[in-house]
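Undergrad: I'd like to ask some things about the structure below.
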DNA sequence: TCCAATGCTATTGTATACAAATTGCTCCGG
DNA sequence: CCGGAGCAATTTGTATACAATAGCATTGGA
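Structure follows, in structure tokens:
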């Protein structure tokens with residue numbers, strides 16, 4: 201995508217996710233253009249994207265507001281993500297290349313090391329975790345699925361979830377990743393799907409425990 | 201949504217679906233703007249939408265082409281639709297209002313009548329079928345799900361599927377809709393989900409039979 | 001004092017002009 | 001005849017100006 205609209209997208213997304221633009225607050229194209237240092241045109245493109253990903257919503261007549269996700273919305277997001285990412289894992293199991301399996305193995309080695317450190321290295325965990333899931337989605341080779349999941353995997357949510365994991369839970373994530381690799385190596389779609397379902401749903405419950413229903 | 205960009209969206213979508221803009225052919229913003237009688241700005245907005253719905257794809261560097269779905273893509277579309285719409289049915293089962301159930305019942309009465317006519321009224325079948333599924337998705341009350349399904353339910357695909365149904369198959373659709381209504385009335389999410397899964401997957405196989413793998 | 005209507009302001013939608021980038025072609029050299 | 005470099009033309013990206021529309025406030029009247 202183009203440079204200015206990409207920067208605008210990242211900038212505005214950052215504003216929303218950091219809380220600088222709180223849920224429910226109004227956004228105007230011009231103000232955002234000023235903040236991003238670009239004109240309204242790329243801002244509009246960025247906003248269309250954010251709208252399709254439900255970060256922002258349009259009011260009765262086209263005024264923009266930061267989306268306000270409630271607990272139920274988040275639960276539904278996790279449901280959908282579990283369903284779709286498990287499906288991605290199943291597809292990946294029959295399509296993934298040996299090289300990608302090796303990459304997953306390497307990735308999980310690093311992730312496990314980050315967990316096993318004296319002080320668990322959460323930043324590395326998050327990075328490797330994201331990379332792991334991305335490799336799986338790529339291996340699933342379904343552009344539609346990738347598009348849908350992109351709108352569903354909110355890194356801040358992942359972050360908050362991981363922040364609440366204790367070492368045992370982080371280790372369990374590493375173990376589940378390892379089991380996924382085994383399932384891929386065995387080309388067992390049903391196994392991969394089941395492990396991924398559990399993996400995501402467990403993350404949901406960790407998240408819910410960390411962020412109780414308001 | 202705005203007027204001009206809406207018209208552009210509908211116009212361009214029509215070009216693609218009618219085959220006037222064949223799969224793989226290049227599109228330029230300016231040419232489309234001429235065709236639609238608007239400037240490039242609303243055309244660009246329309247193209248973003250069409251791109252997110254995978255009607256058009258961007259080449260290595262931002263040039264636009266009409267998407268070329270192969271048999272595998274279509275199969276994956278049906279898979280995803282079956283999964284998501286079954287999930288929608290499950291959600292709807294526990295959320296749908298008595299009024300909406302009544303509306304579904306009425307809808308299915310009309311659909312069954314269209315099927316039972318001396319010459320099956322396929323146009324009415326298609327219209328009522330679409331309305332039926334829309335009521336279910338609305339009852340599911342998940343904006344994310346609705347967004348995703350919107351990008352997945354291609355009316356032309358539905359049309360080609362229905363065109364290949366004989367009377368018995370059309371009647372079976374009506375019957376399945378009836379069973380879905382029963383599941384909703386019973387508030388049985390698992391039942392609704394199972395029936396919807398079968399309903400969509402059967403449509404897929406009817407479609408595949410009509411349009412064999414090239 | 002409350003309601004309504006009207007004018008003003010703020011915000012979004014569209015058009016156009018211009019800049020950047022990419023493609024493809026032509027021309028020159030080997 | 002083939003290949004590469006550079007230039008021209010096409011196409012996309014961005015900015016800005018203008019138009020339309022919705023919201024809001026103020027003022028006038030009952």
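Protein chains in written order, with the numbering used here: chain A, 201 to 414; chain B, 201 to 414. Just so you know, even glycine gets a beta-carbon here, dropped at the ideal spot from N, CA and C.
May I ask you to report which of helix, strand or coil DSSP gives residue 295(B)?
TA: One-based indexing of the second chain puts residue 295(B) at position 95. Helix at residue 295(B).
Undergrad: If I measure Cβ to Cβ from residue 223(A) and keep anything under 6 Å in the same chain, skipping five residues before and after, which residues do I get?
TA: Residue numbering aside, residue 223(A) sits at position 23 when the first chain is read from its first letter. 266, 268, listed in sequence order.
Undergrad: Which same chain residues, not among the five before or five after residue 326(A), have their C-beta less than 7 Å away from its C-beta?
TA: Here residue 326(A) corresponds to residue number 126 of the first chain, with the count starting at 1. Correct list, in chain order: 358, 359, 362.
Undergrad: Roughly how many angstroms separate the alpha carbons of residue 413(A) and residue 388(B), rounded to a whole number?
TA: Position 213 of the first chain, counted from the start, is the residue given in the question as residue 413(A). Position 188 of the second chain, counted from the start, is the residue given in the question as residue 388(B). Because residue 413(A) carries a pLDDT of 45, less than 50, the predicted location of this residue cannot be relied on, and no value is offered for it.
Undergrad: Would you say residue 283(B) reaches chain A, if we count a Cβ-Cβ gap shorter than 8 Å as a contact?
TA: Counted from its first residue, the second chain places residue 283(B) at position 83. Yes, residue 283(B) counts as interfacial toward chain A.
Undergrad: Count the other CB atoms within 10 Å of the CB of residue 218(B); is the residue buried (16 or more) or exposed (fewer)?
TA: In the second chain, residue 218(B) corresponds to position 18, counting from 1. Exposed is the call here.
Undergrad: Relative to the C-alpha of residue 234(B), which candidate in 207(B), 255(B), 250(B), 251(B) has its C-alpha closest?
TA: As a position in the second chain, residue 234(B) is number 34, starting the count at 1. Closest option to residue 234(B), Cα to Cα, is 207(B).
Undergrad: What is the DSSP secondary structure of residue 243(B), counted as helix, strand or coil?
TA: Taking the second chain and counting its residues from 1, one reaches residue 243(B) at position 43. DSSP places residue 243(B) in helix when its eight states are reduced to three.
Undergrad: Quick check: the segment 325–345 of chain B against the segment 286–306 of chain B, are at least 3 beta-carbon pairs closer than 8 Å?
TA: Contact holds: three or more Cβ-Cβ distances are below 8 Å.
Undergrad: Whole-angstrom Cβ separation of residue 330(B) and residue 381(B), contact assumed at under 8 Å?
TA: Against the second chain, residue 330(B) aligns to sequence position 130. Against the second chain, residue 381(B) aligns to sequence position 181. Not really, about 16 Å apart at Cβ, beyond 8 Å.
Undergrad: Expressed to the nearest angstrom, what Euclidean distance is found between the alpha-carbon atoms of residue 237(B) and residue 303(B)?
TA: Here residue 237(B) refers to the residue found at position 37 when the second chain is read from its first residue. Here residue 303(B) refers to the residue found at position 103 when the second chain is read from its first residue. Approximately 40 Å, taken between the alpha carbons.
Undergrad: Report the rounded CA-to-CA distance for residue 220(A) versus residue 250(A), giving the unit in angstroms.
TA: The residue you call residue 220(A) lines up with position 20 of the first chain. The residue you call residue 250(A) lines up with position 50 of the first chain. Cα to Cα, the separation comes out at about 16 Å.
Undergrad: Please classify residue 351(A) as buried or exposed, where buried requires at least 16 other C-beta atoms within 10 Å of its C-beta.
TA: Position 151 of the first chain, counted from the start, is the residue given in the question as residue 351(A). Buried is the call here.
Undergrad: Distance, Cα to Cα, residue 370(B) vs residue 258(B)?
TA: Here residue 370(B) is taken as the residue at index 170 of the second chain, counted from 1. Here residue 258(B) is taken as the residue at index 58 of the second chain, counted from 1. Roughly 38 Å between the two C-alpha positions.
Undergrad: So residue 322(B) is in the alpha helix (DSSP H); what residue range does that whole segment cover?
TA: Within the second chain, residue 322(B) is the residue found at index 122, counting from 1. It spans 322–340 - the alpha helix (DSSP H) in which residue 322(B) sits, taken as one unbroken run.
Undergrad: Suppose contacts are defined by Cβ-Cβ distances below 8 Å. Is residue 384(B) in contact with residue 292(B) by that definition?
TA: Taking the first residue of the second chain as position 1, residue 384(B) is located at position 184. Taking the first residue of the second chain as position 1, residue 292(B) is located at position 92. Cβ distance < 8 Å, so residue 384(B) and residue 292(B) count as in contact.
Undergrad: Considering only the alpha carbon of each residue, which of 390(A), 396(A), 368(A) lies closest to residue 376(A)?
TA: Mapped onto the first chain, residue 376(A) falls at position 176. The candidate whose alpha carbon is nearest that of residue 376(A) is 396(A).
Undergrad: Which full runs of the beta strand (DSSP E) of 3+ residues lie inside the segment 253–322 of chain A, going along the chain?
TA: Listed in chain order, the complete beta strand (DSSP E) runs (minimum 3 residues) inside the segment 253–322 of chain A are 256–258, 264–266.
Undergrad: So is residue 256(A) buried or exposed if we call it buried at 16+ other beta carbons inside 10 Å?
TA: Here the question's residue 256(A) lines up with position 56 in the first chain. Flag for residue 256(A) reads buried.
Undergrad: Would you please verify whether the beta carbon of residue 225(B) is less than 8 Å from any beta carbon of chain A?
TA: Numbered from 1 along the second chain, position 25 holds the residue referred to as residue 225(B). With 8 Å as the cut-off, residue 225(B) does not count as an interface residue toward chain A.
Undergrad: Can you find a C-beta in chain B that's less than 8 Å from the C-beta of residue 375(A)?
TA: What you label residue 375(A) is simply residue 175 of the first chain in a count that begins at 1. No, because no Cβ of chain B sits closer than 8 Å to the Cβ of residue 375(A).
Undergrad: Please list, in chain order, all residues of the same chain as residue 216(A) whose beta carbon is under 7 Å from its beta carbon, the five residues on each side excluded.
TA: For the purposes of this step, residue 216(A) is taken as the residue at position 16 of the first chain. Answer for residue 216(A): 255, 266, listed in chain order.
Undergrad: Please confirm if residue 408(B) has its CB atom under 8 Å from at least one CB of chain A.
TA: For the purposes of this step, residue 408(B) is identified with residue 208 of the second chain, where counting begins at 1. Residue 408(B) does not count as touching chain A.
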